[in-house]
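If you number the sequence shown the way this note's numbering does, the last residue is 1263 and the count never jumps.
Positions of the beta carbon are idealized from the N, C-alpha and C atoms, including for glycine.
Here the structure comes first, spelled out in structure tokens, and everything after it is commentary.
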Amino acid sequence: MVPSSTYRVQLNKGFTFEDAARIAEYLSSLGVSHLYCSPYFQAVPGSTHGYDVADPHRFNEELGGAAAHASLVGALRQAGLGQVLDIVPNHMAADAKSNRWWWDVLENGPSSPYARYFDIDWEAADERSSYTVLVPILGDQYGRALEKGELTIVRTGGTFVVRYFEHELPVSPKTVDEVLGRAARLSGSAKLADISEGVRSLPPARVTDRAGVQERHDRKIELARQLSELCERDTGVARAVEDEVREVNSDPDRLDELLRRQNYRVAYWRIASEEIDYRRFFNIESLIGVRVDDPDVFADTHRLIIQLVEDGTLDGLRVDHVDGLRDPEGYTVRLRERTGGVYTVVEKILQTDEEVPRAWPVAGTSGYDFLIRINNLFVATENEAAMTTAYHDFAGEIEPWPEVVHAAKMHVMREDLAAEVERQTTLLAQICERHRRDRDHTRRELRDAVREMVSHYSVYRTYVRPGHPVRHEDRRQVGRALDETRERRPDLDGELLVFLSELALGLHDGDAEHEFCERLQQLTTPVMAKGVEDTAFYRYNRLVSLNEVGGDPGAFGRPVAEFHETTARLARAWPETMLTLSTHDTKRSGDVRARLNVISEIPGEWSQAVWRWAEIADGYRRDGWSDRNAEYLLYQTLVGAWPLDVDRAVSFMLKAEREAKVRTSWSDPDSEYETGLETVVRGLLGDGRFRSDVARFLDTHALIERGRRNSLAQTAFLLTCPGVPDIYQGTELWDLSLVDPDNRRVVDFDSRIRLLSEIKSGAIGELALNEGAGASKLGMIHRLLQYRRDNPDRFQSTMYEPLRCEGPSSEAVVAYDRGGVAVIAPVRATSDVARTTVDIPIGEWRHLLTGDRWSGGTNDVGSLWARFPVAVLAREDS
């Protein structure tokens, strides 16, 4: 079942299954067909997003658990709604207290039955990390934390744990032999001595054969039971064990010796970026990569998902971070087989001219590519030079976008993702050792070659599958990266770079060679995400509406003709792909971008305004604080989200500058710089002159009204272009949210329910753009979603035909026919709509938003927009 439309909600303890059930009738009245939920399996306590799954077999207890989920399913069915779920195959929470699989791995090392579930490098080159997992949770150097008494062991029943503040880690049973042996001698307990000998003789953690793993598991369970029962019935034994535990905790040398015997290495958090020995989600060590390429791991992690599909609870899936998987194609094929081909989209960030591989059995992406195509329509491309000059003159930033990207990627590979680069370098060195023409390269040369090549990937990753034919797109991408690497780094050995590109394409046989190819693709993805999305997007601030996931801020908009051509092509290839304007991960809401794009139409006036505002800011510069680039971002943010309260503004700016990693960062915050930034933000927003000037600027150039007109136009495209439209929570009204956590705030559904009931029966053509709530937007969404749901055939069609526009404002109009539904909307200020015409197919048409009747043929767009800023016409004689 393909949804006609979806409504995305973010579930957490502030918005539970019960809360979602309460809005089922509202969503049905709005016109959506499916509730689209964020991940809702058991996550770590306090999770605000659900992507840190700790147990994929249970519903999140903080959301209400299984009973509340069942009630939600019932409410949806009663309201006639289906359900789509966001699933997380790539990673799980590396939280020992919450994730029993991860706890078992830390307790038993490679001999854990779950050791192969996680992407861990057990045989690390570093001897101190060999057959152990790095656990970087300490706030200081290991020895200092140990000597301050922050690390302790504690007995709980028949087992022992390591405690570090709120963290708990298991103690391998084999390593408490000495503790139990000493306690046995102190208490004179022969039984405790037997238990001590039993744990000492457990199979070692490096035993990985099935029989050895099972023997270790069964014996440790039995020994733990015996110890627990012995301590319960013999207080003398219990006291002796506790005394011995206290002795260990009070002696750093003994405690250090015990900790060194564990299957993990507890360490200072700062070393994670260079020494982490497992695949992470980007650079987040609390999220560990899962090996879903293993069929058994896939089956176990997807058990509940498949059950929910088979029993009819789920009609669709959204696969999170598909690019993180070792073999995305193999995964999507297996998922389709196990779910019977349920509607599935993937979170795939496409770059310009990139498409989802045709071999993937999915409906398309989760919509970022659509968002970018739409946003580009509203940028005044003819003003690129003026906007660039305004930015350069004020901020002093003259580096072109490609250079900003390259520098940002190199930064994250040296800092945040150094461990991943080093892992790839080690693998390359092992391969080169067996290829005599490349044997004598130094480790530095190999590392430089890997970094430089990866920095020139213009897509998130290739999809090479060793042993399978290489796609043309992958050869082209690797070839381009090779050429650009040669051009930038002529000092690097050309033959080595060619060899590296051949490995990237899987052209050399061998286990290590194939491993290099697959892992390289898992490296380019976080480098692109962290380097571009989370770094470069906050360094390059020419027009920040372009700085969006999947976007190219170096391209100042795109022509209307290109939009038509791309949309028509995708309508044929991916007619059921998801469409969106805002998500939980967008840097700014669709409405903020819609308003900011108006700035591109008035570059001169904009430039004058920022210089005026900078003069006012001079009065709040603490100790000479200055960062013109950050200021330029601040002024755009304030204009785009005005009115913006000071705490939201400060929160956004601090996050933005830490993400930029120029003057401050998350790992090394500069308190002096951040205090200066906060002082300027708070000073400006508390200054009446500044607030009046911003309000006057917005009013003089009608930015709010023009932004809302843009919002209505892009929403009309969302609801009528080929694909399945998704409404992100709360955005059915005017929504001026910024990057998370701002865009995950609690939504006031009560006000939306009341407003919808007020406008359902009225004509929305009379709703003014200057009304504050967003009734015009809500009314349009309601009307169009209802029409989509009642007329599915018109929107399942792959037909997409541009309509001819002529006249002085023709370049500012986007018009197309879906085969019975015609859309005519402005994407720019239209100076002379009375003399601008659109050719509508012959027939009789009804304006879905005003109820007016129109005849096909040549119509002036001014008349079509007389009662509402966009026109959506339905043909009535077909």
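Legend entry - Rounded C-alpha distance that separates glutamate 446 from glutamate 767: Locating residue 446 in the sequence shown gives position 61, where the first residue counts as 1. Locating residue 767 in the sequence shown gives position 382, where the first residue counts as 1. One C-alpha to the other measures close to 54 Å.
Legend entry - Supposed close pair valine 912, alanine 1098 - CB separation, criterion 8 Å: For the purposes of this step, residue 912 is taken as residue 527 along the sequence shown, with counting starting at 1. For the purposes of this step, residue 1098 is taken as residue 713 along the sequence shown, with counting starting at 1. With 8 Å as the limit, valine 912 and alanine 1098 do not qualify as a contact, their Cβ atoms being about 36 Å apart.
Legend entry - CA-to-CA distance, glutamate 627 to valine 539, given in whole angstroms: The residue given as residue 539 occupies position 154 in the sequence shown. The residue given as residue 627 occupies position 242 in the sequence shown. Near 8 Å, if we compare the C-alpha coordinates of glutamate 627 and valine 539.
Inset, instruction - Consult DSSP for arginine 650 and reduce its assignment to one of helix, strand or coil. - result: Residue 650 sits at position 265 when you count from the first residue of the sequence shown. Strand, per DSSP.
Legend entry - contact_flag[the stretch 525-536, the stretch 649-656] where n(CB pairs < 8 Å) is 3 or more: yes
Legend entry - Straight-line gap, leucine 955 to asparagine 493 (C-alpha atoms, nearest Å): In the sequence shown, counting from the first residue as 1, residue 955 sits at position 570. In the sequence shown, counting from the first residue as 1, residue 493 sits at position 108. So the alpha carbons of these two residues sit roughly 50 Å apart.
Inset, instruction - Closer than 7 Å by C-beta to glutamate 887: which residues in its own chain qualify, once you throw out the five before and the five after it? Chain order, please. - result: The residue given as residue 887 occupies position 502 in the sequence shown. Correct list, in chain order: His893.
Inset, instruction - Run through the stretch 958-988 for me and flag every whole alpha helix (DSSP H) of 4 or more residues, listed as ranges in chain order. - result: 975-984
Inset, instruction - Could you have a look at leucine 1123 and say whether DSSP puts it in helix, strand or coil? - result: Here residue 1123 refers to the residue found at position 738 of the sequence shown. Correct three-state label for leucine 1123: strand.
Legend entry - Inter-residue spacing [alpha-carbon to alpha-carbon] between valine 518 and histidine 442: Here residue 518 is taken as the residue at index 133 of the sequence shown, counted from 1. Here residue 442 is taken as the residue at index 57 of the sequence shown, counted from 1. Rounded to the nearest angstrom, the two C-alpha atoms are 25 Å apart.
Inset, instruction - Tell me alanine 1207's beta-bridge partners as DSSP assigns them. - result: Taking the sequence shown and counting its residues from 1, the one referred to as residue 1207 is at position 822. DSSP, once it has assigned bridges, lists Asp1202 and Leu1258 as partnering alanine 1207.
Inset, instruction - Give the single residue among Gln1171, Leu1104, Glu1196 and Lys1162 whose Cα lies nearest to the Cα of arginine 1207. - result: For the purposes of this step, residue 1207 is taken as the residue at position 822 of the sequence shown. What sits at residue 1207 in the sequence shown is alanine, not arginine. When only C-alpha atoms are compared, the closest one is Leu1104.
Inset, instruction - Would you kindly check if the distance between the Cβ of valine 592 and the Cβ of lysine 559 is under 8 Å? - result: Counting from one through the sequence shown, the residue named residue 559 turns up at place 174. Counting from one through the sequence shown, the residue named residue 592 turns up at place 207. Going by C-beta atoms, lysine 559 is not nearer than 8 Å to valine 592.
Inset, instruction - Pick out whichever of Arg1231, Ala1197, Gly1204 and Trp1230 has its Cα sitting closest to the Cα of serine 1216. - result: For this step, residue 1216 is matched to residue 831 along the sequence shown. If we check each option's Cα against that of serine 1216, Ala1197 comes out closest.
Legend entry - Where alanine 428 falls: helix, strand or coil (DSSP): Reading the sequence shown from its first residue, position 43 is the one you call residue 428. Note: alanine 428 maps to strand in three-state DSSP.
Legend entry - Among His969, Lys915 and His476, nearest to asparagine 799 - alpha-carbon criterion: Within the sequence shown, the letter at position 414 stands for residue 799. The amino acid occupying residue 799 in the given sequence is arginine; asparagine does not appear at that position. Selected option, being the one with the closest Cα: Lys915.
Inset, instruction - Go to tyrosine 392, then tell me how far its alpha helix (DSSP H) extends in each direction, as first and last residue. - result: Translated into the one-based positions of the sequence shown, residue 392 becomes position 7. Element bounds for tyrosine 392: not the alpha helix (DSSP H) but the beta strand (DSSP E), 391-394.
Inset, instruction - Could you please give me the residues that DSSP links to leucine 702 through a beta bridge? - result: Here the question's residue 702 lines up with position 317 in the sequence shown. Note: leucine 702 sits in a beta bridge opposite Leu470 and Thr729.
Inset, instruction - Could you check the C-alpha separation between glutamate 830 and tryptophan 486 for me, to the nearest Å? - result: Here the question's residue 830 lines up with position 445 in the sequence shown. Here the question's residue 486 lines up with position 101 in the sequence shown. Looking at the two C-alpha atoms, the distance is approximately 39 Å.
Legend entry - Of the listed residues Ala1015, Glu918, Val855 and Glu880, nearest to tyrosine 845 (C-alpha basis): For the purposes of this step, residue 845 is taken as residue 460 along the sequence shown, with counting starting at 1. Out of Ala1015, Glu918, Val855 and Glu880, Glu918 has the C-alpha closest to the C-alpha of tyrosine 845.
Inset, instruction - Run the CB neighbour count on lysine 533, radius 10 Å, all protein chains shown included, and call it buried at 16 or more, exposed below. - result: To locate residue 533, count along the sequence shown from 1; it is residue 148. Lysine 533 is exposed by the Cβ-count criterion.
Inset, instruction - Please state if the CB of valine 731 and the CB of valine 1265 are separated by a distance shorter than 8 Å. - result: A query on residue 1265 cannot be resolved here, the shown segment of the chain reaching from 386 to 1263 and no further.
Legend entry - CA nearest to the CA of phenylalanine 545, picked from Thr952, Val473 and Leu640: In the sequence shown, residue 545 corresponds to position 160, counting from 1. Here the closest residue by C-alpha is Leu640.
Inset, instruction - Assess, as a yes-or-no matter, whether the stretch 839-854 is touched by the stretch 920-932 under the definition of 3 or more beta carbon pairs within less than 8 Å. - result: no
Legend entry - Backbone secondary structure at asparagine 445 - three-state DSSP: By one-based count along the sequence shown, residue 445 stands at place 60. If DSSP states are grouped into helix, strand and coil, asparagine 445 belongs with coil.
Inset, instruction - Can you have a look at isoleucine 783 and say buried or exposed, based on whether 16 or more other CB atoms are within 10 angstroms of its CB? - result: In the sequence shown, residue 783 corresponds to position 398, counting from 1. With fewer than 16 other Cβ atoms within 10 Å, it is exposed.
Legend entry - Complete beta strand (DSSP E) runs within the stretch 898-959 (minimum length 3 residues, chain order): none
Inset, instruction - Please classify arginine 873: is it buried, with 16 or more other beta-carbons within 10 angstroms of its beta-carbon, or exposed? - result: For the purposes of this step, residue 873 is taken as residue 488 along the sequence shown, with counting starting at 1. Arginine 873 is exposed by the Cβ-count criterion.
Inset, instruction - Since I believe proline 495 is in contact with isoleucine 590 (beta carbons under 8 Å), could you give me their beta-carbon distance rounded to a whole number of angstroms? - result: Counting from 1 along the sequence shown, the entry for residue 590 is found at position 205. Counting from 1 along the sequence shown, the entry for residue 495 is found at position 110. The displayed chain sequence assigns alanine, not isoleucine, to residue 590. So it is a contact: roughly 6 Å between Cβ atoms.
Inset, instruction - Starting from valine 1109, trace the beta strand (DSSP E) both ways and give me its first and last residue. - result: Locating residue 1109 in the sequence shown gives position 724, counting from the first residue. Per DSSP, valine 1109 belongs to the beta strand (DSSP E) from 1109-1113.
Legend entry - leucine 571 and glutamate 629 closer than 8 Å at C-beta: Here the question's residue 571 lines up with position 186 in the sequence shown. Here the question's residue 629 lines up with position 244 in the sequence shown. Result yes, Cβ atoms of leucine 571 and glutamate 629 sit closer than 8 Å.
Inset, instruction - Return helix, strand or coil for tryptophan 1250, following the three-state DSSP convention. - result: Numbered from 1 along the sequence shown, position 865 holds the residue referred to as residue 1250. Note: tryptophan 1250 maps to coil in three-state DSSP.
Inset, instruction - Spatial neighbours of threonine 909 within its chain, please: CB distance less than 7 Å, with the 5 preceding and 5 following residues excluded, ordered by chain position. - result: The residue given as residue 909 occupies position 524 in the sequence shown. Only Val839, Tyr842, Tyr845 and Arg846 meet the Cβ criterion.
Inset, instruction - My understanding is that leucine 1062 touches glutamate 1044, with C-beta atoms under 8 Å, so please give their C-beta distance in whole angstroms. - result: Position 677 of the sequence shown, counted from the start, is the residue given in the question as residue 1062. Position 659 of the sequence shown, counted from the start, is the residue given in the question as residue 1044. About 13 Å; that fails the 8 Å criterion.
Legend entry - Touch test, the stretch 496-508 against the stretch 672-684, Cβ-Cβ under 8 Å, three pairs minimum: yes
Legend entry - leucine 756 and leucine 966 closer than 8 Å at C-beta: For this step, residue 756 is matched to residue 371 along the sequence shown. For this step, residue 966 is matched to residue 581 along the sequence shown. Against a cut-off of 8 Å, the Cβ pair of leucine 966 and leucine 756 comes out as a contact.
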